[in-house]
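Notes follow the structure.
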Ligand code: SAH
């Protein structure tokens, strides 16, 4: 079988094609065709000599994403795509049109093994981790989609299906590739990675010397509650997680975001807010409050908007920076992880 050219960086492609002794600009042209010019096939690469196009097609395939479903919110600001990235693998990718630019949420695994109680992605377990090419294919698909409207992607959030820090190498390669001028030319500061708290790999990421934003899914201020909601907490409890978050902030000089989904009657009391504020002490951190999306099978409900506002006010009164995630296209978000579930 031919090798997927999607996901290769300049050095890798150069090495793969070294036997052809191509001038460097040819490598640049090929990369531009696959990452920027929507080429589905080597035959359309009109600035390459015909024999080169033939040798490329003998060695490589271009595994792009294929759209299976598309949901657009009523306000048109959110679009969710179910993308087929391999014959038996489909993942969700979400485009959010903010006033400051277009943000893309990519998946790093098909399904998820973390087993968080409130999350639809976890329901059928992990199918497999995505390759760098399969993560990138989501982005190139949406980028091409936006290009037709004269728009582009300005930020990436690695917050889709899966736990990015258990697919560490492929995700890091993706982040570096996206930064390359021949791909998206995106600053590392425009990328946010969200983790459920794989502590050793937070330390590893801190040592990569990339100013990528880190978001940590906290969701509970006590080990007892967090272990019930997020089994990963049994392995990496709060003290260890917060120490890793603190070090990440210090190393990268980036403010770490702690995500806190608010679930009615579970973690939305003032006592919880007080304990959360205490945990945030001494960190360059902010809390992002997210009213939980209702997942049918789970029965978790968001508190009233008034309660959400009170929770935020309480944190602020304790000196903790706290924002409420602006709800975008609730009707689309409510299907977070569920589109794929149904497809399966
Ligand atoms: N595994 C990573 C990234 C994917 S989940 C992580 O855990 O951070 C992205 C975010 O969506 C996480 O903060 C996760 O806790 C949150 N999430 C999952 N299910 C949700 C739901 N039903 N409502 C609101 N947020 C949810």
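Numbering (the working numbering), first residue to last: 171 to 514. Glycine included, every Cβ here is placed at the ideal spot set by N, Cα and C. Since the model is a prediction, treat every value here as computed from it, not as a measurement.
Residue i CB to nearest heavy atom of ligand 1 below 6 Å
i	result
residue 366	yes
residue 289	yes
residue 369	no
residue 397	no
residue 387	yes
residue 266	no
residue 431	yes
residue 460	yes
residue 450	no
residue 312	no
residue 465	yes
residue 333	yes
residue 329	yes
Residues sharing a beta bridge with residue i, DSSP
i	result
residue 460	431
residue 282	Answer is none; residue 282 lacks a bridge partner.
residue 112	This structure does not reach residue 112, given that the chain is present from 171 up to 514, and the question cannot be answered.
residue 173	230
residue 384	363
residue 493	458
Any chain C beta carbon closer than 7 Å to residue i
i	result
residue 180	Chain labels in this structure do not include chain C; a single protein chain is all it has.
Contact test: residue i Cβ vs ligand 2 heavy atom, cutoff 6 Å
i	result
residue 329	Annotation note on ligand 2: not contained in the displayed structure, which lists ligand 1 as its ligands.
Below 8 Å, can you find three or more Cβ-Cβ pairs linking the stretch 350-369 to the stretch 198-216?
Two segments are said to touch when three or more pairs of C-beta atoms, one from each, lie closer than 8 Å; by this definition the stretch 350-369 touches the stretch 198-216.
How about the stretch 243-251 and the stretch 284-293: do they share at least three Cβ pairs that are nearer than 8 Å?
Inter-segment contact for the stretch 243-251 and the stretch 284-293 is absent: fewer than three beta-carbon pairs are separated by less than 8 Å.
Three or more C-beta pairs under 8 Å: does that hold for the stretch 245-261 against the stretch 218-228?
Flag = no, the stretch 245-261 and the stretch 218-228 do not touch.
Those runs of the beta strand (DSSP E) which lie wholly inside the stretch 193-281 and span at least 3 residues:
You should have 236-242, 248-256, 259-268, 271-275 and 279-281.
Going residue by residue through the stretch 291-362, where are the continuous beta strand (DSSP E) segments of at least 3 residues, counting only ones entirely within it?
List check, beta strand (DSSP E) in window: 296-299 and 323-328.
Give a yes or no on contact between the stretch 415-425 and the stretch 379-395, applying the rule of three or more CB pairs nearer than 8 Å.
The stretch 415-425 is in contact with the stretch 379-395.
Return the chain-ordered ranges of every beta strand (DSSP E) run that is complete within the stretch 393-456 and spans a minimum of 3 residues.
Fully enclosed beta strand (DSSP E) runs of 3 or longer: 426-432.
Contact the stretch 314-328 vs the stretch 272-286: 3+ CB pairs below 8 Å
Touching, yes.
Do the stretch 437-446 and the stretch 477-484 meet, that is, are 3 or more Cβ pairs less than 8 Å apart?
As far as the Cβ criterion goes, the stretch 437-446 touches the stretch 477-484, which means the pair count is three or higher.
Is there contact between the stretch 488-498 and the stretch 448-461, where contact requires at least three CB pairs shorter than 8 Å?
Short answer: they touch.
Evaluate the contact criterion for the stretch 405-418 versus the stretch 380-395: three or more CB pairs, one atom per stretch, below 8 Å.
Two segments are said to touch when three or more pairs of C-beta atoms, one from each, lie closer than 8 Å; by this definition the stretch 405-418 touches the stretch 380-395.
Check whether the stretch 357-377 and the stretch 332-348 touch, using three or more Cβ-Cβ pairs below 8 Å as the test.
The answer is yes - the stretch 332-348 touches the stretch 357-377, with three or more Cβ pairs under 8 Å.
Segment contact, 8 Å Cβ cut-off, at least three pairs: the stretch 281-288 with the stretch 330-337:
Counting C-beta pairs closer than 8 Å gives three or more between the stretch 281-288 and the stretch 330-337, which meets the contact rule.
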